[in-house]
Amino acid sequence: MASGVSLDREFTKGFVRENPLFILVLGTCPSLATSTTLFNGFGMGIAATFVLVCSNIVISLLRKFIPDGVRIPAFIVVIASFVTMVDLLMEGFVFSLHQSLGVFIPLIVVNCIILGRAEAFASKNGVLRSALDGLGMGLGFMAALVVMGTIREILGNGTLMAGTPYEFAPFGEGFKASPVLVMTLPPGAFLTLGLLMAGVKRLGERS
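The working numbering puts the sequence shown at residues 508 to 714.
Right, here's the structure in full:
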């Protein structure tokens, strides 16, 4: 029972208690740059989650064989391999999203969340715990990007799910014609992130 509770906590900690973006403040650069729309945020979140889970599993399996002196370069090689896979898959199957995210897909290699989980968790724990840690942290990161992307897209563009067949204007075509354009710019990204961080911290204090 205790083991089950422990595994559950490893999975759920990334959603609120140790959310990579809102609590640990990691990965802010790609978050601010790619959260202009819900679709972009979701795409970046899925890519980061895939790399997190796969790299955590491989690093956990190899943790006893990697010498301490080269562990960081070894971790980067593992992470870069999965980032290359994600980059090629996205280019082949979701080319429009690949173009929108641009250089931020290859830059997942140096994302502090992924390298941080490899060093702080996967290199010290078993495969199952490492996989759950990566999945929970990745989904928490994706949820943060989706929330930011939704807010910024609705207020900044007057649309939701832009670039997909399901695009619509939640506040009507009138608002779509003259939205709050600052929300699509860096000041809007910082404002959205700051308000969400404050809200999550407040929720954490109450719970």
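Positions of the beta carbon are idealized from the N, C-alpha and C atoms, including for glycine.
Relative to E517, the option among A555, A581 and L646 whose CA is nearest is L646. Annotation: A627 to V560 spans about 14 Å, alpha carbon to alpha carbon. Our two residues, V616 and L710, have alpha carbons roughly 32 Å apart in a direct line. For L533, no alpha helix (DSSP H) encloses it, and the DSSP letter there is neither H nor E.
Excluding residues up to 5 positions away in sequence, A554, F557, V558, I612 and I615 lie with their Cβ nearer than 8 Å to the Cβ of V593 in the same chain.
Residue environment: E660 is assigned as buried (16 or more neighbouring CB atoms within 10 Å of its CB, all protein chains considered). G534 sits close to F648, with the two beta carbons spaced by under 8 Å. Straight-line measurement puts the Cα of A650 at about 11 Å from the Cα of S542.
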